[in-house]
Amino acid sequence: MKRYLKVLGVGTMLFMAACGDGEKKEVAKVEDKKIELTFVTYSGTGEEYMMDTNSLAEAYQKIAPNVTIKMEKIPATEYDNTMKIRNSAQKLPDIFPVRVVTMESFKSVLLPLNETEAAKVNKFAKDFEIDGNIYGLPMYGFNEFVYYRKSVFNELGLEIPTTWGEFVALSTKIKDNGSYIPMALGAKDSWTTYPFNEFMPFLVPGGNDILSKMAVEKDPFSPGKPFYVAYDMLDKYYNTKPFGEDPLGYGWDQEKSMFASKKAAMLASGQWFYMDLEKDMPKETLEDIGVFVLPARETKEDPFRYLVSAEVFLSIPKYSKNADEAKKFLDWFFTSDYYKEYVTYMNVLPAVEGVKGRESMFNVAIANIPNPEVVLQKGGDEKFRKIANYISFDVKRMGQEMIQGVNFTEYMNEFNKRWTEAQENTK
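Just so we're aligned, residue 1 is where the sequence shown starts under our numbering, counting upward by one.
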């Protein structure tokens, strides 16, 4: 009997050892499984850095040798429509950026990321929750600025404006001088009007989360309402002709060229634009570039409201076959040295607590804002999105129309009428 038990014991040990060895092989097999993560982004998100200058795929493969990241870039002007088409066929990539204005449209197909380490360290993510869920992780934040030529300001004795009235007066003084166009704007490309027509309603009093508020508000284009107040300011500014003779006759490339060649004294854009200047301008010319934050306040006693945008949200579709690996990638990306290098290159506001961005004139401009009040750009809730889709609401196209010239009172009344109709038909 003892001999039998001894033999049985040896047999059991051999069996267990074999099983253990098999389990190790299974684990190794799982860990070594080759995975391809698809990552699509659009132009202007630092894609040249991630794809060429400092390969994101190569950096992550050092951490996860079995994972290959396949990156694709889509032109920004085609991105939203391309992703919409791919989503209808359930062919979204494993990782892709959702813009703040389209988050509501995509939320039903996105994986909640609340429990990821990346979400826990992201200082903007919680502010953009939808129904308690984090559907996308902001890659970075950025501010909007007015770029200006220091030499022109010195020549004309101009000072940085801190109220809207001072800004309008400054533009008028530049125009009256006759040597320079006050503000370069290539409005043939409608998106270039965004610093004015998209962002100004956020900057006037009552503009916080303005888009969601409009969805349930009666006649949001009426006097005293944020959209009316902001657009009234813009209409009067546009009527001073600050963009030269034919701003609807040229686009973004010409806008940049006018500013770079000093035909125009100012240009309104985000921090991201500085990378273009660094590529196109010699260092001595770059030293002639300054920035200030566009003031929307009426008096110096009012809070100086300024916008922080988190435009690019990395997301994962629910139907991704590599969702777990995609989440691991996001956890690595936002806590890595690579991320620190990325935001330094982009010259933007880091989305991660404790990460410092590049020291620059942008930091100085923000630090010098008197009586500052931060406003987050939010894309509007589902009700707003339904109304906007119903009437094809496009603030950038409105910018083009206002630059061309409108009867402002009639224009606002027409939008109130269309808005009311949309509210009734999208309940």
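We put the CB at the ideal spot given by N, CA and C, even for glycine.
Check: Using a 10 Å radius around the Cβ and a threshold of 16 neighbouring Cβ atoms, would you call Asn143 buried or exposed?; Outcome: buried
Check: Restricting to Cα atoms, I'd like to know which of Asn389, Leu111, Ala169 and Ala187 is closest to Glu245.; Outcome: Ala187
Check: Near Glu117, what residues of its chain come up, given a Cβ to Cβ distance below 7 Å and the 5 sequence neighbours on each side ignored?; Outcome: Asp331 and Thr335
Check: When DSSP labels each residue in this structure, what does Lys25 get in the three-state scheme?; Outcome: Low confidence applies to Lys25: its pLDDT is 42, below 50, so where it sits in the model is not reliable enough to give any reading.
Check: Identify which residue in Tyr390, Tyr231, Phe243 and Pro195 has its Cα closest to the Cα of Gln271.; Outcome: Pro195
Check: So, Tyr49 versus Tyr342, is the Cβ gap smaller than 8 Å?; Outcome: yes
Check: Once you ignore the five residues that flank Phe292 on each side, which residues in its own chain have a CB closer than 6 Å to its CB?; Outcome: Val146, Ile160 and Ala365
Check: Going straight from the alpha carbon of Tyr338 to that of Ala125, what length do you get?; Outcome: 20 Å
Check: Could you give the C-beta distance for Val204 and Pro226, rounded to a whole number, given that I count them as a contact under 8 Å?; Outcome: 5 Å
Check: Alpha carbon to alpha carbon, what distance is there between Tyr274 and Ala89?; Outcome: 37 Å
Check: Looking only at its own chain, which residues have a Cβ that is under 7 Å from the Cβ of Lys29, when we skip the five neighbours before and after it?; Outcome: Bear in mind that a pLDDT of 44 at Lys29, under 50, signals an unreliable position, so the number given afterwards is only what the model happens to contain. Excluding residues within five positions, none has a Cβ falling inside 7 Å.
Check: Which class does Phe142 belong to by DSSP, given the choice of helix, strand or coil?; Outcome: strand
Check: Mapping the DSSP letters down to three states, classify Asn133 as helix, strand or coil.; Outcome: strand
Check: Indicate the three-state DSSP secondary structure (helix, strand or coil) for Asp242 in the structure shown.; Outcome: The residue asked about is misnamed: residue 242 is Pro in this sequence, not Asp. Looking at Pro242 - three-state DSSP - the assignment turns out to be coil, as it is neither helix nor strand.
Check: Among residues of its own chain, excluding the 5 on either side of Pro65, which ones have a beta-carbon nearer than 8 Å to its beta-carbon?; Outcome: none
Check: Assign Ile95 to one of three DSSP states: helix, strand, or coil.; Outcome: strand
Check: Quick check: Leu56 and Ile95, are their CB atoms within less than 8 Å of each other?; Outcome: no
Check: Just to confirm my understanding: we take Ala326, look at its own chain, exclude 5 residues before and 5 after, and list those with CB closer than 7 Å. What are they?; Outcome: Leu37, Asp94, Ile95, Ile316 and Ser320
Check: For Leu500, which of helix, strand or coil comes out of DSSP?; Outcome: Residue 500 falls outside the range modelled here, since the chain spans only 1 to 427, and no answer is possible.
Check: Among the residues of its own chain, which have a CB less than 6 Å from the CB of Gly206, if the five just before and after it don't count?; Outcome: Pro226
Check: Alpha carbon to alpha carbon, how far is Lys173 from Ile403?; Outcome: 20 Å
Check: Give the DSSP-derived three-state secondary structure of Ser508 in the structure shown.; Outcome: One cannot answer for residue 508 here, as it falls past the ends of the chain, which runs 1 to 427.
Check: Should Pro350 and Tyr140 be called a contact, given that it needs their Cβ atoms to be closer than 8 Å?; Outcome: yes
Check: With DSSP collapsed to three states, give me the class of Val395.; Outcome: helix
Check: Check Phe128 in the structure and name its three-state DSSP category.; Outcome: helix
Check: Going along the chain, which unbroken runs of the alpha helix (DSSP H) with 4 or more residues stay wholly within the segment 302-349?; Outcome: 323-335 and 337-346
Check: Only counting the same chain, and skipping five residues up and downstream in sequence, which positions put a Cβ closer than 6 Å to that of Ala76?; Outcome: Tyr42, Ser43 and Gly44
Check: Short of 8 Å in beta carbon distance, which residues of its chain neighbour Phe485, apart from the five on each side in sequence? Order them along the chain.; Outcome: No information on residue 485 is available, as it lies outside the stretch 1 to 427 that the chain covers here.
Check: Where are the beta strand (DSSP E) runs, 3 residues long or more, that stay fully inside the segment 347-426, in chain order?; Outcome: 372-376
Check: Measure the CB-CB distance between Phe384 and Met200 and report whether it falls below 8 Å.; Outcome: no
Check: Is DSSP giving Glu298 helix, strand or coil here?; Outcome: coil
Check: What's the C-alpha gap between Lys25 and Lys33?; Outcome: Confidence at Lys25 is low in this model, with a pLDDT of 42, below 50, so the placement of that residue should be treated as unreliable; the coordinate-derived value is given next. About 12 Å.
Check: Helix, strand or coil for Gly207, going by three-state DSSP, please let me know.; Outcome: coil
Check: In chain order, what residues of the same chain have a beta carbon less than 8 Å from the beta carbon of Leu286, not counting five sequence neighbours either side?; Outcome: Leu277 and Glu278
Check: Helix, strand or coil for Ile160 per DSSP?; Outcome: coil
Check: Would DSSP call Thr38 helix, strand or coil?; Outcome: strand
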